[in-house]
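Data first, discussion second: the structure below is written as structure tokens.
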Amino acid sequence: MARPRQSLPDEWLGLDPQDMAERIRAHRGRLGDDLLILGHHYQKDEVIEHADHSGDSYGLAQVAAQSRARWIVFCGVEFMADSARLLARDDQVVIHPDTSAGCPMADMAERTGTERAWRELGEALGGTQGVLPVTYVNSDVETKAFTGRHGGIVCTSSNAARVFDWALGRADKLFFFPDEHLGRNTAFAKGFHGPDVLLWNPALPMGGHDPAELQRARVLLWKGFCHVHTHFNTAMIQQAREADPDVKVVVHPECERQVVAAADAAGSTAFIIDWCAAQPAGSRIRVGTELNLVQRLGRRHGDKEILPLDRSLCPNMWKISPNDLLWVLDRLGEVNVVEVDAELRQDARVALERMLAV
Ligand code: 13P
Ligand code: SF4
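Under the working numbering, the residue at position 119 of the sequence shown is numbered 990, and the numbers go up by one with no gaps.
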């Protein structure tokens, strides 16, 4: 759950964009290698221009894990800043410019629900020895800690297939949290569908299934979703193709299965960027992912027509502004420092480190 917002003081409101950019650059010049600013691809351009690294959640987790910087400012949503905190050394300080920038999907799996599901599954199967939790990095620290405690692993959208292989080499059954769609799309690519894959509805006893169904299934999917990506539907793809039969469509795997199936390609944020770059000049491309990234790709590739499949913006990513960034740099170490519960830290970190090792 997003931390309560430490409100941006009036002093940092209504500033001239040019002045702010100069003041941020001055901090970067003064702090040099002591400061690392990370920006997720869904951030606005006026934030990304100050990032030492922009990337997808996997790439940025790797950079955070390897960084020597004393101060790591993470421009992204809460689970990303928390992951950086988990991976950074104790003497590094991780800062989140707007602590109210959470992720609704991460909030869809929480401690009581996941622990109860695990208990019920154990009762249905006569134990959970043959099951491993696989948790999307878009999850809270408690869900990551639960995962680490039960021998499981974290994944991102760019390594989900590899992580599935790792987990299936160690267990007969996977329980995927908290995104039904990334889980279903990855399972499908591994040949699991029909009764192999079950949706676990936390609002129902035993997720809504009987023990025989649970015994039979290979992949259980927690019922969670990203509203930014489930916004896209097959009618949008059909309309785009009707308007232009040569158009190519690429989407993120947080989209529903039928949307991924109707697209020409699907993959993580980094995949989408590379895929668009690899299309020949003159291509006409529609992209089903977060609007800021799609618009940036359109500007970057002037020789191609790259447009959103539809306008879908992540309101939480949007919250981070240059004003927030300037504020946390002006008050470095005094505001918005990310802390992770010491009790959860070890288990959550183990699950993340397993991912980095795969
Ligand atoms: P990536 O893992 O592709 O960076 O996506 C992060 C995200 O929040 C997608 O909604
Ligand atoms: Fe969460 Fe979706 Fe926003 Fe990503 S795009 S941060 S999954 S709400």
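Backbone N, C-alpha and C fix where the C-beta goes; we use that ideal spot for every residue, glycine too.
Burial state of residue i, where buried means 16 or more other Cβ atoms lie within 10 Å
i, result
"Gly-947", "buried"
"Leu-1075", "exposed"
"Ser-1028", "buried"
"Glu-1214", "exposed"
"Gly-910", "buried"
"Ser-1010", "buried"
"Arg-1087", "exposed"
"Gln-914", "buried"
"Asp-881", "exposed"
"Pro-1049", "buried"
"Gly-1062", "exposed"
"Ala-1058", "buried"
"Gly-885", "exposed"
"Gly-1040", "exposed"
"Glu-1051", "buried"
"Arg-1225", "buried"
"His-1064", "exposed"
Option nearest residue i by Cα separation, candidates the options
i, options, result
"Arg-1171", "Ser-1183, Pro-1186 and Ala-1152", "Ala-1152"
"Met-1107", "Leu-1203, Ala-1134 and His-1052", "Ala-1134"
"Asp-905", "Gly-1040, Thr-999 and Val-944", "Val-944"
"Gly-926", "Leu-1200, Glu-882 and Ala-1141", "Ala-1141"
"Gly-984", "Leu-1180, Ala-1213, Trp-1093 and Leu-1070", "Trp-1093"
"Gly-1173", "Ile-1156, Gln-914 and Glu-1161", "Ile-1156"
"Arg-1128", "Phe-1048, Phe-1096 and Glu-920", "Phe-1096"
"Gln-933", "Arg-956, Gly-900, Thr-1105 and Gln-1109", "Arg-956"
"Trp-942", "Asp-962, Gln-1109, Arg-1216 and Ala-1042", "Asp-962"
"Val-1099", "Val-1221, Met-1188, Phe-1048 and Met-1226", "Met-1188"
"Gly-930", "Arg-901, Cys-1026, Ala-940 and Gln-1217", "Cys-1026"
"Val-964", "Arg-1216, Glu-1224, Val-1206 and Arg-1225", "Val-1206"
"Met-891", "Ser-1154, Trp-1198, Val-1221 and Ala-1114", "Trp-1198"
"Leu-902", "Trp-1146, Ala-940 and Glu-1176", "Ala-940"
"Asp-1117", "Ile-1143, Gln-1150, Ile-1024 and Ser-1154", "Ser-1154"
"Gln-1150", "Cys-1126, Ile-1177, Ala-1132 and Gly-1159", "Ile-1177"
"Thr-1101", "Glu-893, Phe-1046, Cys-1126 and Pro-975", "Cys-1126"
"Leu-1085", "Pro-888, Gln-877, Cys-974 and Phe-1046", "Phe-1046"
"His-912", "Leu-1227, Gln-1217 and Gln-1166", "Gln-1166"
"Gln-1109", "Val-1090, Ala-1132, Ser-878 and Leu-1091", "Ala-1132"
Beta carbon of residue i nearer than 8 Å to that of residue j
i, j, result
"Pro-1193", "Glu-917", "yes"
"Lys-1044", "Ala-1219", "no"
"Gly-1022", "Leu-1003", "yes"
"Ile-895", "Leu-1200", "yes"
"Gly-950", "Val-1008", "Correcting the residue type first, residue 950 is Phe in the shown sequence and not Gly. Yes."
"Ala-988", "Pro-1073", "yes"
"Leu-1180", "Ala-1136", "no"
"Leu-1162", "Ser-1183", "yes"
"Val-1229", "Trp-1071", "no"
"Ala-1042", "Gly-998", "no"
"Lys-1119", "Ser-971", "no"
"Val-1209", "Ile-966", "yes"
"Ala-959", "Ala-935", "yes"
"Arg-899", "His-924", "no"
"Val-1221", "Gly-1019", "yes"
"Gly-845", "Trp-1146", "Absent from the model: residue 845. The displayed extent of the chain is 872 to 1229, so no value can be given."
"Ala-1083", "Ala-1060", "no"
Supposed close pair residue i, residue j - CB separation, criterion 8 Å
i, j, result
"Asp-1081", "Val-1012", "In fact, because the Cβ distance is near 33 Å, the residues do not count as touching under 8 Å."
"Ser-938", "Leu-907", "5 Å"
"Ala-995", "Met-1077", "6 Å"
"Pro-1124", "Asn-1056", "4 Å"
"Val-1121", "Phe-1103", "Not quite, the Cβ-Cβ distance comes to about 11 Å (not below 8 Å), so this is no contact."
"Pro-968", "Leu-1196", "5 Å"
"Glu-986", "Phe-1035", "About 23 Å; that fails the 8 Å criterion."
heavy atom of ligand 4 below 7 Å from residue i C-beta
i, result
"Ser-1139", "Only ligand 1 and ligand 2 can be found as ligands here, which leaves ligand 4 out of the picture."
Any C-beta of chain D under 8 Å from that of residue i
i, result
"Asp-1195", "This model lacks chain D altogether; it includes just one protein chain."
Requested in this report: Report all residues for which the CB-ligand distance to some heavy atom of ligand 2 is below 7 Å; order them along the chain.
Outcome: Near ligand 2, residues with a Cβ at less than 7 Å from any of the ligand's heavy atoms are Tyr-913, Val-948, Cys-974, Pro-975, Met-976, Ala-977, Asn-1009, Cys-1097, His-1098, Val-1099, His-1100, Glu-1125, Glu-1161, Cys-1185, Asn-1187 and Met-1188; the list follows chain order.
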